[in-house]
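Chains as they are written, first to last, in my numbering: chain A, 1 to 113; chain R, 114 to 226. Where a beta carbon is used, it is the ideal one built from N, C-alpha and C, also for glycine. Since the structure is predicted, the reported quantities are computational estimates derived from the model, not experimental observations. The structure under discussion appears below in the form of structure tokens.
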């Protein structure tokens, strides 16, 4: 069965303290890996899509990378406004699963001043 | 440009009742997907629609149904509500529903008493 696992479940960082979030996946025929940010009580906000191993994408203090089995979301010099839950999701295969996103449980990031 | 819109924002129902949730996709997007997010979990796929046809269905009972209209908006219906249906219901919009990026709305918070 397709599975997405995120670690750690929660992460507390001091402002400026860089770190990485992990997303490991076991799916048949990965077609895309997605990172979203979610604030409490709100819908997920799209951050990045990665399609193939070795691909990297950056946006402000965030950088996402992809290998054959996992993805990392690197946060450089985080600020308190980066506090949120970060969700990883994959699209895989085809047929009846076409377009379906499989999500991990997320990493809850807290950045304190 | 307007993003994905959902209505209502919040809803309180009692067990056994029926509920209808509504979603309007981003202009130009022809596919809508529905997800259920229970507190502390990642979103779980319920349905995907493209050009008014159901493209995929997740592991949810027949009490859950949906449809898409000619203007690409969508409704999610849930019959015979159970306490366990309490969740944040998310609508996601994408261009064609294949391996496209999905953009989420703010969600509808359903509470079943």
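**Residue-level contact to chain R via CB, residue 32 (chain A), 8 Å cutoff** = For residue 32 (chain A), the answer is yes, since a Cβ of chain R falls inside 8 Å of its Cβ.
**Request:** Just the C-alpha distance for residue 134 (chain R) and residue 149 (chain R), rounded to the nearest angstrom, thanks.
**Result:** CA-to-CA, the gap between residue 134 (chain R) and residue 149 (chain R) works out to about 12 Å.
**Asked** Within 8 Å (strictly less), CB to CB, does residue 118 (chain R) reach chain A?
**Response** Nearest CB-CB separation between residue 118 (chain R) and chain A: not below the 8 Å threshold.
**Item:** Partner residues on chain R for residue 101 (chain A), Cβ-Cβ distance less than 7 Å
**Value:** Residues of chain R passing the Cβ test: 158, 215.
**Beta-carbon neighbours of residue 42 (chain A), restricted to chain R and to distances below 8 Å** = Below the 8 Å Cβ cutoff, chain R contributes 219, 220 as neighbours of residue 42 (chain A), in chain order.
**Asked** In terms of residues, what are the limits of the beta strand (DSSP E) holding residue 18 (chain A)?
**Response** Segment: none, residue 18 (chain A) is in no beta strand (DSSP E) and carries neither H nor E.
**Asked** Do the region 114-130 of chain R and the region 15-29 of chain A touch if we need at least three Cβ pairs shorter than 8 Å?
**Response** No, the region 114-130 of chain R does not touch the region 15-29 of chain A.
**Request:** Using a Cβ-Cβ cut-off of 8 Å, state whether residue 3 (chain A) counts as contacting chain R.
**Result:** Cβ-Cβ to chain R under 8 Å: no for residue 3 (chain A).
**Prompt:** When you compare each of A:28, A:33, A:27, A:3 to residue 73 (chain A) by their alpha carbons, which one comes out closest?
**Reply:** When the alpha-carbon of residue 73 (chain A) is set against those of A:28, A:33, A:27, A:3, the nearest one is in A:33.
**Request:** Any chance you could list the alpha helix (DSSP H) runs of at least 4 consecutive residues sitting entirely within the region 149-203 of chain R, in chain order?
**Result:** Segments of the alpha helix (DSSP H) lying fully in the region 149-203 of chain R: there are none.
**Item:** Buried or exposed (CB count within 10 angstroms, at least 16 for buried), residue 181 (chain R)
**Value:** Residue 181 (chain R) sits buried, since 16 or more C-beta atoms from the chains shown fall within 10 Å of its C-beta.
**Prompt:** If you draw a straight line from the C-alpha of residue 124 (chain A) to the C-alpha of residue 99 (chain A), how long is it?
**Reply:** With chain A running from 1 to 113 in the structure shown, residue 124 (chain A) is simply not present.
**Request:** Go ahead and label residue 12 (chain A) buried or exposed: buried means 16 or more other beta carbons lie within 10 angstroms of its beta carbon, across all protein chains shown.
**Result:** Per the 10 Å Cβ criterion, exposed.
**Asked** CA-CA distance, residue 80 (chain A) and residue 129 (chain R)?
**Response** Roughly 43 Å between the two C-alpha positions.
**Request:** Please name the residue in R:158, R:122, R:121, R:142 whose C-alpha comes closest to that of residue 186 (chain R).
**Result:** If we check each option's Cα against that of residue 186 (chain R), R:142 comes out closest.
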